[in-house]
Structures are given as C-alpha cells and as structure tokens.
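Going letter by letter, the sequence shown gives residues 1 to 158 in the numbering used here.
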Amino acid sequence: MKLFKPEIVCKTIFDIKIETLKEMGVKLVLLDIDNTLIAWDSDEITEKHRRWIDLLKNSGITVRILSNANEKRVRTISNELNVNGVGMALKPLWINYIKSLKEEGFAKKETIMIGDQVFTDLLGAKISGIKCILVDPISNKELKSTKFMRKLEKFVRN
1 MKLFKPEIVC KTIFDIKIET LKEMGVKLVL LDIDNTLIAW DSDEITEKHR
51 RWIDLLKNSG ITVRILSNAN EKRVRTISNE LNVNGVGMAL KPLWINYIKS
101 LKEEGFAKKE TIMIGDQVFT DLLGAKISGI KCILVDPISN KELKSTKFMR
151 KLEKFVRN
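Below you can see the structure in the form of structure tokens.
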C-alpha cells in the first residue's frame, strides 16, 4: 500500500467526474470541509456546492462529511447540505473512517475520501484501506500547524 499516493489528484472537487467515481465502484464519499469543500475561514455554501453534492446524491452516491473541524461547524454544514457528518474526526486515525462506513452501510472498496491534506485526509484513508482523491487547498489561509505540514507534504508527494 502506498500511503502517500492518492488514486486521483484534482485541482478542485468540481473537477471530480461522477462517471469516474461510478466506474471505481464508489457508493460513499467521505468529504473534508476546510480547504476542500469551502475555505478554512468561511461558512459559505454556494449554489455550486449544493448542485455538486446533489449530483453525487442523485447518482446514488452517499456523501458524509468527515472533518477535524469542531462539531458545531460540521453540524451546520452537514445540515445545510442534508448529509451526515462527523466533526473532531481525529484524522488520520482510522476510527471515524471505519465508523462512518459502518453507520452508512458501505464497504471499504465502495468508499473514497476527498480531501486536501496528505497527513490527515490521505493518510487516514490509506491506513483505513480506503481510496482517496487529493484536491488542491482552496485557500492559503490555514492554521500555522497546517502550513507547517504543507511544507512536509512536498517531500512525500514527489
């Protein structure tokens, strides 16, 4: 298993093709929030975001938020998008990845994580035996610890 190699790399979530997900057998998308779905310092869910989530759901793919953000933020965004969500997920620990699969009723091979960070989203998915799509971060506004980790990401991504 290549811990630091995502199955797909995209610029944004909007570049992810539903047909590709279907060909991969994906039935559950675990989706990060901060700098994946929306900017780290924003709560704005645009109509474009809603349409993208609805396209996934209408194609038979379940979406679940899996974020290290606080529970209130995750609950607000999950409710707004009408999906389930887990906050304070402790990524890259495997526990909430596997718990999400069980609660949604899907197998590892039917699940993919979409996120922007190598050492949380990607590593957690790989440790859990789940596929991953890595997207570029939406914004460069981040916690200082995340900025530090971004520098380390360059060493494992090449």
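We put the beta carbon where it would ideally sit given N, CA and C, even for glycine.
The criterion of a C-beta distance shorter than 8 Å is not satisfied by I13 and S59. Sixteen is the threshold: when 16 or more other Cβ atoms of the shown chains lie within 10 Å of the Cβ of L66, as they do, the residue is buried. Put simply, the backbone Cα of K99 is about 11 Å away from that of S128. Bounds of any beta strand (DSSP E) do not take in I45, whose DSSP letter is neither H nor E. For K126, the enclosing alpha helix (DSSP H) begins and ends at 123-128.
Each residue's CA atom was taken as its position, placing R51 and G124 some 27 Å apart.
For K131, DSSP records a beta bridge to I112. In terms of Cα proximity to G85, the closest of L93, P92, E104, W94 is E104.
If you ignore the 5 residues before and after K11, its C-beta comes within less than 6 Å of the C-beta of D136, all in its own chain and listed in chain order.
Using a Cβ distance threshold of 8 Å, I112 and L21 count as a contacting pair. In this structure, L122 sits near P6, with a CB-CB distance shorter than 8 Å. Y97 and D116 have their C-alpha atoms some 16 Å from each other. Taking every protein chain shown into account, the CB of A107 has fewer than 16 other CB atoms within 10 angstroms, so this residue is exposed. The beta carbon of D34 lies closer than 7 Å to those of W40, S67, A69 in the same chain, with the five residues before and after it left out.
Nearest to L30 by C-alpha distance, out of V156, K144, I133, is I133.
Contact between V63 and I53 is confirmed by a C-beta separation of about 6 Å, below the 8 Å threshold.
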